[in-house]
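Here the structure comes first, spelled out in structure tokens, and everything after it is commentary.
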Amino acid sequence: MFDFINPLTTDDFNDSVEFLYPNFLPKKQITMIYADGGMGKSWLLFGLAKYATEHNSGSEQGAMNVLYIDVDNPISVLKERGIEHKLIEACPNLTYSHRSKFNGEPLELLDELENRAYGNAFKNMLLMLDSLRDFGDINNDLTAMRIGNKLKKIRDAGATIIVLHHSTKNGSNYQGSNNLRNSVDNMYRLIKADSPEGEIRWLLEVKKERAAIANIALRIEVADLFLTELDLDEVTLNDEERAFIDKVKTVLKEQGSLNKTKLLDACGHKKDDKTARDRLDRFDRIHWQSEKIKGAYTYSLV
């Protein structure tokens with residue numbers, strides 16, 4: 017009856033969710049990362065592009081082929097950041113497409129990819145868009161749906177897709193139609209953290225998930241685009257919290273196990289200091305561990 021349909025069979029369910037970057041970037045899915053201007057969005061994508069050309073955990077195909085479509089950054093900025101050497105020259109399996117060399121509109125590039133999206137044509141490919149608003153009127157529901165459908169067709173041909181996007185003025189949400197959210201598989205809000213010279217650090221908060229992803233903290237070394245993961249505390253703690261953690265760990269290292277009253281006293285806090293007591297509880301089993309002995313809590317290093 018339905019001879020015009022090519023239905024799913026049990027053989028189509030051999031794939032399980034794999035990650036390009038553990039617990040952060042699922043393969044063969046669309047991940048949107050949004051942030052306000054000045055958060056270093058493109059720097060993150062540069063680092064991820066280089067990472068993908070050098071790593072591909074669990075893949076028999078080796079490093080991924082990366083197509084970076086940049087319709088946002090001027091070439092002068094790319095030059096200032098050394099992208100021609102750090103990324104383009106350093107990564108032979110990366111294709112860097114820039115709007116200065118387009119023959120048409122950015123959306124036409126997605127049209128070309130969509131026309132080639134069949135079977136596993138894009139297996140082991142990472143597509144990166146920088147940034148989404150340059151591909152059409154993202155406030156228009158029909159345009160947003162059209163872009164989303166193109167990306168889904170490319171994804172279904174095996175591609176892993178990362179889309180950079182801009183946030184609203186207060187940074188709490190993404191710009192544009194709700195169809196954008198409906199079209200992507202995963203979504204992160206990017207928040208730039210205090211960073212030492214030569215590094216950029218971020219917190220990425222999960223805003224939508226179809227895979228087992230989680231909040232993550234990342235940093236990039238701007239000299240070579242080396243991307244590494246940080247402990248979430250590194251980007252979420254304030255100076256007072258960091259100082260408290262350092263003091264407690266130093267005391268426990270020097271004096272060994274202490275009960276709560278003696279530990280607080282050694283750290284310069286009264287035993288009824290609610291803020292200090294709450295911090296001991298908050299970071300228990302992370303930076304130290306507690307054990308209740310004869311009705312009193314004793315603390316030691318993890």
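When we follow this note's numbering, the leftmost residue of the sequence shown carries the number 17, and every step to the right adds one. Ideal Cβ placement from N, Cα and C applies to all residues, glycine included. The structure presented is a predicted model; accordingly, all values stated were derived computationally and were not measured.
- Secondary structure note for Ala173: it is in no beta strand (DSSP E), with a DSSP letter that is neither H nor E.
- Sorting Asn254, Ala230 and Asp255 by C-alpha distance to the C-alpha of Glu245 places Ala230 at the top.
- Cβ atoms of Asp146 and Tyr84 come within 8 Å of each other, at about 7 Å.
- Measuring C-alpha to C-alpha distances from Asn186 to each of Ile261, Met48 and Gly53 identifies Gly53 as the nearest.
- Ile49 and Leu220 do touch by the CB rule: their CB atoms are close to 7 Å apart, below 8 Å.
- A Cβ-Cβ distance of about 7 Å is found for the pair Glu215 and Val238, placing them in contact under the 8 Å criterion.
- Counting the other Cβ atoms within 10 Å of the Cβ of Ala68 gives 16 or more, which makes it buried.
- In this structure, Ala51 sits near Arg205, with a CB-CB distance shorter than 8 Å.
- In the structure shown, His114 falls within a strand segment according to DSSP collapsed to helix, strand and coil.
- The beta carbons of Arg226 and Gln45 sit closer together than 8 Å.
- Segment contact: the region 125-134 against the region 166-175, three or more CB-CB distances shorter than 8 Å; contact assigned.
- Setting aside the 5 residues that flank it on each side, Thr111 is surrounded in the same chain by Leu83, each with a C-beta closer than 6 Å to its C-beta; the list follows chain order.
- Counting along the chain, Val87 sits inside no beta strand (DSSP E), nor does DSSP assign it H or E at all.
- In this structure, Val179 sits away from Arg217, with a CB-CB distance that is not shorter than 8 Å.
- Leu241 is positioned such that its CB atom lies no closer than 8 Å to that of Leu234.
- By the beta-carbon neighbour count (other beta carbons within 10 angstroms, threshold 16), Gly192 is buried.
- With respect to Ser58, Asp88 sits close: the two C-beta atoms are nearer than 8 Å.
- DSSP assignment within the region 151-237 yields the following whole alpha helix (DSSP H) runs of 4 residues or more, N-terminal first: 157-172 and 194-199.
- With fewer than 16 neighbouring CB atoms inside 10 Å of its own CB, Asp255 falls in the exposed class.
- Counted as a single uninterrupted DSSP element, the beta strand (DSSP E) harbouring Ile46 occupies residues Ile46 to Ala51.
- Residues Leu206 and Lys208 of the same chain have their beta carbon placed closer than 6 Å to that of Met55, with the five preceding and five following residues left out of the count.
- Around the Cβ of Leu158, a 10 Å sphere holds fewer than 16 other Cβ atoms; the residue is exposed.
- Distances from the alpha-carbon of Val264 to those of Val318, Ile232, Lys224 and Pro212 put Val318 closest.
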